[in-house]
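Chains A and B are the protein sequences, given in the same order. Here the first sequence is numbered in my numbering, starting from 1 and rising by one per residue. Here the second sequence is numbered in my numbering, starting from 1 and rising by one per residue. A short write-up of the structure that comes next.
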Amino acid sequence: MPDDLINIAGVKEDFKNSLASAKTFNELDEVRVKFTGKKGALTLLLRSLGKLAPEERKETGQKLNLLRDEIEHDLTTAATKIRAAENEKLELDSRIDVTLTPKNDFNGAFHPVMQTMHEIMNIMQGLGYSVALGPEIEEDFYNFECLNIPKWHPARDMQDTFYLPDGKLLRTHTSPVQVHSMLEFGAPLRIICPGKVFRRDNDTTHSPMFNQMEGLLIDRDVSFSVLKGTMAEMLNAFFGRSLKYRFRASYFPFTEPSMELDIECVKCSGHDENCRVCHGTGWLEVAGMGMVHPEVIKAGKIDPEIYNGFAFGIGLDRMAMLKYGINDLRLLFNGDISFLQSGF
Amino acid sequence: MYVSLELLKNFIELEPEITPEDLAERLTFSGSEVESIIKPAEKLSGVVAARIDSIEKHPTENNLSVVNLNTGTGEYTCVTAAKNIKKGDMIFYARAGSILPNGQELGIKEFGGVQSNGMMLSAAELNLADIDDPTGLLILPSSARPGDDAKNLYHIGDIILDVSITPNRGDLLSLLGMAREIKGLYPKAVLKMPEWLRPVKQDREWSEKFNSISIPDNGCYAYRLGLATNAVMKSSPLTAKIDLVHMGMRPIVNAVDVTNYIMLMLGQPLHAFDLNTLPEREITVRAAHDGETMLTLDGKERLLTQKDMLITSGGQAVAIAGVMGGELTGINDDTKTIVIESASFSPVRVGHTSRRLGINSEAAFRFSRTVDPALSKTALMAASVLMRDWCGAEINYRPMSAENNIAEPEPVKLTRKKLSVYLSFDNMNAAAKILEGFGIKYLSGNNDEMRFMPPTWRPDIKIEEDLIEEIGRFNGYNDAPNKLPGELPRRADIGAEMSCAGFIRNTLISRGYSEIVTYSFLPEDFSEKLLLDKNDIRSNPIMIANPISRDQISMRTTLVYGLLSALKNTLASGWREPVRIFEQGRIFLKPDNDLSAPNSHFEPNHLAGLIFNGTDNRSIWNDRAQDFYDIKSDLSALIKLRGYNPEFKAGHENFTHSGQTAFIIVDGVKVGFVARLKLALEQELNVEGVYIFEIDTEFLKDIKKRPFAPVSQFPASTRDISILVERDKNSEQVIDDIKTSLAEDGNNKILDSIRLFDVYSGKGIPENSRSLAFTITYRSRESTLKDNEVDLIHMALREKLKFKGYTIR
Ligand SMILES: [Zn+2]
Numbered sequence: 001m002p003d004d005l006i007n008i009a010g011v012k013e014d015f016k017n018s019l020a021s022a023k024t025f026n027e028l029d030e031v032r033v034k035f036t037g038k039k040g041a042l043t044l045l046l047r048s049l050g051k052l053a054p055e056e057r058k059e060t061g062q063k064l065n066l067l068r069d070e071i072e073h074d075l076t077t078a079a080t081k082i083r084a085a086e087n088e089k090l091e092l093d094s095r096i097d098v099t100l101t102p103k104n105d106f107n108g109a110f111h112p113v114m115q116t117m118h119e120i121m122n123i124m125q126g127l128g129y130s131v132a133l134g135p136e137i138e139e140d141f142y143n144f145e146c147l148n149i150p151k152w153h154p155a156r157d158m159q160d161t162f163y164l165p166d167g168k169l170l171r172t173h174t175s176p177v178q179v180h181s182m183l184e185f186g187a188p189l190r191i192i193c194p195g196k197v198f199r200r201d202n203d204t205t206h207s208p209m210f211n212q213m214e215g216l217l218i219d220r221d222v223s224f225s226v227l228k229g230t231m232a233e234m235l236n237a238f239f240g241r242s243l244k245y246r247f248r249a250s251y252f253p254f255t256e257p258s259m260e261l262d263i264e265c266v267k268c269s270g271h272d273e274n275c276r277v278c279h280g281t282g283w284l285e286v287a288g289m290g291m292v293h294p295e296v297i298k299a300g301k302i303d304p305e306i307y308n309g310f311a312f313g314i315g316l317d318r319m320a321m322l323k324y325g326i327n328d329l330r331l332l333f334n335g336d337i338s339f340l341q342s343g344f
Numbered sequence: 001m002y003v004s005l006e007l008l009k010n011f012i013e014l015e016p017e018i019t020p021e022d023l024a025e026r027l028t029f030s031g032s033e034v035e036s037i038i039k040p041a042e043k044l045s046g047v048v049a050a051r052i053d054s055i056e057k058h059p060t061e062n063n064l065s066v067v068n069l070n071t072g073t074g075e076y077t078c079v080t081a082a083k084n085i086k087k088g089d090m091i092f093y094a095r096a097g098s099i100l101p102n103g104q105e106l107g108i109k110e111f112g113g114v115q116s117n118g119m120m121l122s123a124a125e126l127n128l129a130d131i132d133d134p135t136g137l138l139i140l141p142s143s144a145r146p147g148d149d150a151k152n153l154y155h156i157g158d159i160i161l162d163v164s165i166t167p168n169r170g171d172l173l174s175l176l177g178m179a180r181e182i183k184g185l186y187p188k189a190v191l192k193m194p195e196w197l198r199p200v201k202q203d204r205e206w207s208e209k210f211n212s213i214s215i216p217d218n219g220c221y222a223y224r225l226g227l228a229t230n231a232v233m234k235s236s237p238l239t240a241k242i243d244l245v246h247m248g249m250r251p252i253v254n255a256v257d258v259t260n261y262i263m264l265m266l267g268q269p270l271h272a273f274d275l276n277t278l279p280e281r282e283i284t285v286r287a288a289h290d291g292e293t294m295l296t297l298d299g300k301e302r303l304l305t306q307k308d309m310l311i312t313s314g315g316q317a318v319a320i321a322g323v324m325g326g327e328l329t330g331i332n333d334d335t336k337t338i339v340i341e342s343a344s345f346s347p348v349r350v351g352h353t354s355r356r357l358g359i360n361s362e363a364a365f366r367f368s369r370t371v372d373p374a375l376s377k378t379a380l381m382a383a384s385v386l387m388r389d390w391c392g393a394e395i396n397y398r399p400m401s402a403e404n405n406i407a408e409p410e411p412v413k414l415t416r417k418k419l420s421v422y423l424s425f426d427n428m429n430a431a432a433k434i435l436e437g438f439g440i441k442y443l444s445g446n447n448d449e450m451r452f453m454p455p456t457w458r459p460d461i462k463i464e465e466d467l468i469e470e471i472g473r474f475n476g477y478n479d480a481p482n483k484l485p486g487e488l489p490r491r492a493d494i495g496a497e498m499s500c501a502g503f504i505r506n507t508l509i510s511r512g513y514s515e516i517v518t519y520s521f522l523p524e525d526f527s528e529k530l531l532l533d534k535n536d537i538r539s540n541p542i543m544i545a546n547p548i549s550r551d552q553i554s555m556r557t558t559l560v561y562g563l564l565s566a567l568k569n570t571l572a573s574g575w576r577e578p579v580r581i582f583e584q585g586r587i588f589l590k591p592d593n594d595l596s597a598p599n600s601h602f603e604p605n606h607l608a609g610l611i612f613n614g615t616d617n618r619s620i621w622n623d624r625a626q627d628f629y630d631i632k633s634d635l636s637a638l639i640k641l642r643g644y645n646p647e648f649k650a651g652h653e654n655f656t657h658s659g660q661t662a663f664i665i666v667d668g669v670k671v672g673f674v675a676r677l678k679l680a681l682e683q684e685l686n687v688e689g690v691y692i693f694e695i696d697t698e699f700l701k702d703i704k705k706r707p708f709a710p711v712s713q714f715p716a717s718t719r720d721i722s723i724l725v726e727r728d729k730n731s732e733q734v735i736d737d738i739k740t741s742l743a744e745d746g747n748n749k750i751l752d753s754i755r756l757f758d759v760y761s762g763k764g765i766p767e768n769s770r771s772l773a774f775t776i777t778y779r780s781r782e783s784t785l786k787d788n789e790v791d792l793i794h795m796a797l798r799e800k801l802k803f804k805g806y807t808i809r
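In structure tokens:
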């Protein structure tokens, strides 16, 4: 079979050259027609196969098939490249300033006290505590009487109270929920009660409304050590580090013995005599607590001969102020979002 | 309680190496917080006693004198304007270089050609203005020796602890009590007794006739009277006056100072009567009658009840027992015969009266915290001794007394088991020693259980836990091991209310809202401000009986007021950007708005939000001004995330925009509103475009679960339809009509969704009309819908709608 009749190598070389010079889809189409069109070089070759002797036809046919596959593949590849180049140009032409402000650029912000409340709730849930909530308008009985604070008791002076005309009051602490919960769930018991409390007090360090979280654990043979461990665990988890802390003996009518908890100053750790947070003492008072007074357990209709427990109350506003470095209590409740948006 | 360390030495001897700072820390950790250590004379230096050797007129200045002073080691010249001095007087002298308590350093000054070296001091310059006439110099007792340092004289150099005493420890409101406490805390300390506490013989019959004391009210445990005759009313000794000032009281006159001094030293409130002003020579302590009145010595008329106790004489009230004396029977300048009252009253009774009348006198403060009933006798005798020493009185008369039953302390047991459970400490012998230190006597027992007798001054010790606390506060709480509780009693649960609150805040914060907390109070005029109707339940809040101010006079009935205040405060702080805020919290409602309903109220949880474009609403995104539909989308998304399908129906609130207010209906119940603020209210805030919502969130506590419906596997077909409607026909109504039209033909089964994609009015649309364009998706659960099938259904729908009066475009 003479080579001039079936010049495969020539067609192939011709195709490669044509393809290399095709830069647009139109040029690529011309190449396609020139080789694979009705009168294309490859088509003509395939047609001339019939003229070959049968013994040659098979071998040449295989070669031509390979050539056809190669041409088609090359054409597809070339098309992809051209598309990519054209797209690239389109994309560059439609470039934007990616640094512009986003649409709907509203920055949501949490309230530090609410954030603190939810964080501590989650920590305490991890320690097995459930949330119990009580009314903010309370009866004298739950707020005072059953917490071992009768009407005449001077301990009432510790909590200046808002009263309502019907003799009810705004709860002065979250402690009333202790008795509510004991009555509802009995022993053993592990609850926390976060919420608003109210005292008739308004100056730079006292707000008539503030937030507390009460904790109560009732079980058999409860030790102060468990209270101590619980407080340490909670504070470390909340502040995200191991803080120094100390307990001072104190007095609350509804706990016996009673203590207060100071933590190491989160601002200066006691290294700054002029620290505005701790006034140079190095310590911050954050919670009051103690072993639940047997009279209170009795008020909860639980037998104090069998069960005892502990209760604690943390000031959530204070905790929030410490964690987020807020120095003015009045910023918390005036709703000014420039404060909330200042970032914590 | 101000504790003078100088006077404390009369009652206890501490180891010398214990500094005031050590003592303060020990007291603080054991329950009596020392707020501060006051050193009134810390800066004082160089001031000494000096004798006036001569006084001459100033050569040129008429109102000045030139004084020559002798300090024992030198002679000095001082110019003074004081007139109350004479040759030979002893005064305090601060020569040049001395420093006064306020830090002022003295120098040499010239007055009309005479050099004055430093100055002679008045009481005021020693920060003791209360002890003397501030216009003259302080004249010292003649026993003063020239050259003695002021710091070492008359307790001027005293150090004072300001101790905060908890309400259960009335016994610590005296130096005697503090000494006993400190003895407990420092076992090596030794208790002492001051000279004036030693018993004297008082056995003579009263020189003045006095009939009787009767105490029919058993709230009076004991009532004792002592007699001091021939007393001279004058100023108290200098040291005593300084002591009183250091312990927070103003010296008045010797007889009154004696009663105050004894109260500060021993804790027993006393009262001094002028015998001759008593209406009759008789005392009765009885319950007041309801409606009885009395003029107290602060000049106020007091209305009494039968819970109050009165001291009467001849049927006339002379004092409210344990609370405050009357105006008529007090000591006056001419008093010669003093009757000293020392009594013991029920803390409950005094507590009630003092709280009800709002009188927190020193006496009431102590009696309501309990005063050792055993003290009244001792204190009366001690007061007599000081009446003798300070007033020159005769005091040999036997006191008169009347007593009711006084409750004796009862034994309290301590078990090793409870002690070790509570404090992880079980050394019973050590425990007994600690208790003994605090005056709590061991009675009997063994290593597992002991009985103790609290002293009369510790009525706070009643139960085993009280004893455990004594041991705990002695040992301190910081060395206890840290433990965690064991097995859980039940699954720990945040609860639906707080979980929902958490969900709401997470959702809204991620949609760009800031979480705010505002006061739960409302001001007096909030309902006018919110334009609320009188009969709106929100106009009748629960009032506070004793509010602090008119701005916080009642409990909130809506969160809207707080949101608007927040917006106001935000704008006031200079914020110009867009605002998105929300608040969650309780509102407070009376049941069914019944103003008289007793003892019940509602505290539903509410959520309210507000958006505003900002006072500077220029933006690179010109079409991004927030409006009604932005706040609606946030609220709608929030509700849908809990599984509910909110409906929005045109509604009305007095404080919202008449044309842009929707009620939110969930499962047929109205849960709140979303609206633009009323223009009048926007104008008041000087802003434009404020959108708000408020909902009751009770229904969101439960997540609504919907049965699982698998998605159809067959392809959908869509058809668009454009409908001309009058302006006030809202889109929900049209959608409802499309749905019913399809349902009437039984084609609702293949209705997949209806979506409004265009609202148009203007060119080509008749006045007061809108064109609404919907795309309707049809999809069967059973088969692939053929095009001609869908065409037929859609054509039928068009006809149905035309039949219902719509114009299909
Ligand atoms: Zn600090």
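A virtual CB, placed ideally from N, CA and C, is assigned to each residue, including glycine. These numbers were taken from a predicted model, which means no experiment stands behind them.
Quiz prompt | Under 8 Å between C-beta atoms of GLU698(B) and ASN605(B) | solution = Position 698 of the second sequence, counted from the start, is the residue given in the question as residue 698(B). Position 605 of the second sequence, counted from the start, is the residue given in the question as residue 605(B). The answer is yes: Cβ separation under 8 Å.
Quiz item: How big is the Cα-Cα spacing for ASP752(B) and ILE581(B)?
Solution: Position 752 of the second sequence holds residue 752(B). Position 581 of the second sequence holds residue 581(B). Computed Cα separation, rounded: 36 Å.
Quiz item: What do you reckon, is the C-beta of ASP272(A) under 7 Å from a heavy atom of ligand 1?
Solution: As a first step, residue 272(A) is located in the first sequence; it is residue number 272 there, counting from the start. For ligand 1, at least one heavy atom lies less than 7 Å from the Cβ of ASP272(A).
Quiz prompt | Under the three-state DSSP convention, the category TYR513(B) falls into | solution = Translated into the one-based positions of the second sequence, residue 513(B) becomes position 513. Reduced to three states, the DSSP call for TYR513(B) is coil.
Quiz item: Quick one: any contact between the stretch 724 to 735 of chain B and the stretch 765 to 773 of chain B, if contact means 3 or more CB pairs under 8 Å?
Solution: yes
Quiz item: Just to check, is the beta-carbon of GLY325(A) closer than 7 Å to a non-hydrogen atom of ligand 1?
Solution: As a working mapping, residue 325(A) is identified with position 325 in the first sequence. It does not: the Cβ of GLY325(A) is nowhere closer than 7 Å to a heavy atom of ligand 1.
Self-check item: Test: SER242(A) CB closer than 8 Å to a CB of chain B
Solution: Walking along the first sequence from the start, residue 242(A) turns up at place 242. Not closer than 8 Å to any Cβ of chain B, the Cβ of SER242(A) fails to qualify, so no.
Self-check item: Partner residues on chain A for ASP466(B), Cβ-Cβ distance less than 8 Å
Solution: By 1-based counting over the second sequence, the position of residue 466(B) is 466. Those within 8 Å of ASP466(B) in chain A are GLU256.
Quiz item: Should VAL277(A) be counted as a contact of ligand 1 given a C-beta to heavy atom distance under 7 Å?
Solution: Working through the first sequence from its first residue, we reach residue 277(A) at position 277. Yes, since a heavy atom of ligand 1 falls inside the 7 Å radius drawn around the Cβ of VAL277(A).
Quiz item: Under 7 Å from any heavy atom of ligand 1, does the C-beta of GLY170(B) make it?
Solution: By 1-based counting over the second sequence, the position of residue 170(B) is 170. No; taking the cut-off as 7 Å, the Cβ of GLY170(B) has no heavy atom of ligand 1 nearer than that.
Practice problem: Look at PHE29(B) and GLY476(B) and say whether their C-beta atoms are less than 8 Å apart. | Solution: Taking the first residue of the second sequence as position 1, residue 29(B) is located at position 29. Taking the first residue of the second sequence as position 1, residue 476(B) is located at position 476. Yes; because the gap between Cβ atoms is below 8 Å, this pair is in contact.
Quiz item: Hey, would you say TRP390(B) sits closer than 8 Å to VAL245(B), going by beta carbons?
Solution: Sequence index remark: in the second sequence, residue 390(B) carries index 390 (1-based). Sequence index remark: in the second sequence, residue 245(B) carries index 245 (1-based). No, these two residues do not count as a Cβ contact at 8 Å.
Self-check item: Close-in-space but distant-in-sequence residues of the same chain around ILE359(B) (CB under 6 Å, 5 per side omitted)
Solution: Residue numbering aside, residue 359(B) sits at position 359 when the second sequence is read from its first letter. Counting only Cβ-Cβ distances below 6 Å, and skipping sequence neighbours, we find VAL323 and MET324.
Quiz item: Around the C-beta of SER565(B), are 16 or more other C-beta atoms found within 10 angstroms, so that it is buried, or is it exposed?
Solution: As a first step, residue 565(B) must be located in the second sequence, where it is residue number 565. Its Cβ being crowded by 16 or more others within 10 Å, SER565(B) is buried.
Quiz item: In the stretch 525 to 555 of chain B, which residue ranges form an unbroken alpha helix (DSSP H) of at least 4 residues, counting only runs that do not cross its ends?
Solution: 526 to 529
Quiz item: Apart from the five residues just before and just after ASN7(A), which ones in its own chain have a Cβ nearer than 7 Å to its Cβ?
Solution: Reading the first sequence from its first residue, position 7 is the one you call residue 7(A). Excluding residues within five positions, none has a Cβ falling inside 7 Å.
Quiz item: Going by alpha carbons, who is nearest to ALA432(B) out of LEU121(B), GLY668(B), GLU470(B) and ARG366(B)?
Solution: Taking the second sequence and counting its residues from 1, one reaches residue 432(B) at position 432. In terms of Cα proximity to ALA432(B), the closest of LEU121(B), GLY668(B), GLU470(B) and ARG366(B) is GLU470(B).
Quiz item: Does ASN202(A) come within less than 8 Å of chain B when only Cβ atoms are used?
Solution: By 1-based counting over the first sequence, the position of residue 202(A) is 202. Closer than 8 Å: yes.
Self-check item: Burial state of GLU528(B) (16 or more Cβ within 10 Å)
Solution: Here residue 528(B) refers to the residue found at position 528 of the second sequence. With fewer than 16 other beta carbons inside 10 angstroms of its own, GLU528(B) counts as exposed.
Practice problem: Can you grab the Cα-Cα spacing for the pair PHE110(A) / ILE504(B), in whole Å? | Solution: For the purposes of this step, residue 110(A) is identified with residue 110 of the first sequence, where counting begins at 1. For the purposes of this step, residue 504(B) is identified with residue 504 of the second sequence, where counting begins at 1. One C-alpha to the other measures close to 12 Å.
Quiz item: What's the C-alpha gap between ARG199(A) and LEU322(A)?
Solution: In the first sequence, counting from the first residue as 1, residue 199(A) sits at position 199. In the first sequence, counting from the first residue as 1, residue 322(A) sits at position 322. A straight-line Cα-Cα distance of about 21 Å links ARG199(A) and LEU322(A).
Quiz item: Using the rule of at least 16 other Cβ atoms within 10 Å of the residue's Cβ for burial, across every protein chain shown, is ASP3(A) buried or exposed?
Solution: Numbered from its first residue, the first sequence carries residue 3(A) at position 3. Note on ASP3(A): pLDDT 48, under 50, position unreliable in the model; no value is reported.
Quiz item: How should ILE108(B) be labelled, buried or exposed, when 16 other C-beta atoms within 10 angstroms of its C-beta is the threshold for buried?
Solution: Within the second sequence, residue 108(B) is the residue found at index 108, counting from 1. With fewer than 16 other Cβ atoms within 10 Å, it is exposed.
Quiz item: Helix or strand or just coil, what does DSSP make of PRO112(A)?
Solution: As a working note, residue 112(A) is residue 112 in the first sequence. Three-state DSSP puts PRO112(A) in a helix.
Quiz item: Quick one: complete beta strand (DSSP E) runs, 3+ long, within the stretch 42 to 72 of chain B?
Solution: 45 to 57 and 65 to 70
Practice problem: Determine the direct distance from the alpha carbon of VAL292(A) to that of PHE339(A), and round the result to whole angstroms. | Solution: Taking the first residue of the first sequence as position 1, residue 339(A) is located at position 339. Taking the first residue of the first sequence as position 1, residue 292(A) is located at position 292. Spanning the two alpha carbons is a distance of roughly 39 Å.
Self-check item: Any C-beta of chain B under 8 Å from that of TRP152(A)
Solution: Mapped onto the first sequence, residue 152(A) falls at position 152. Yes, its Cβ sits closer than 8 Å to a Cβ of chain B.
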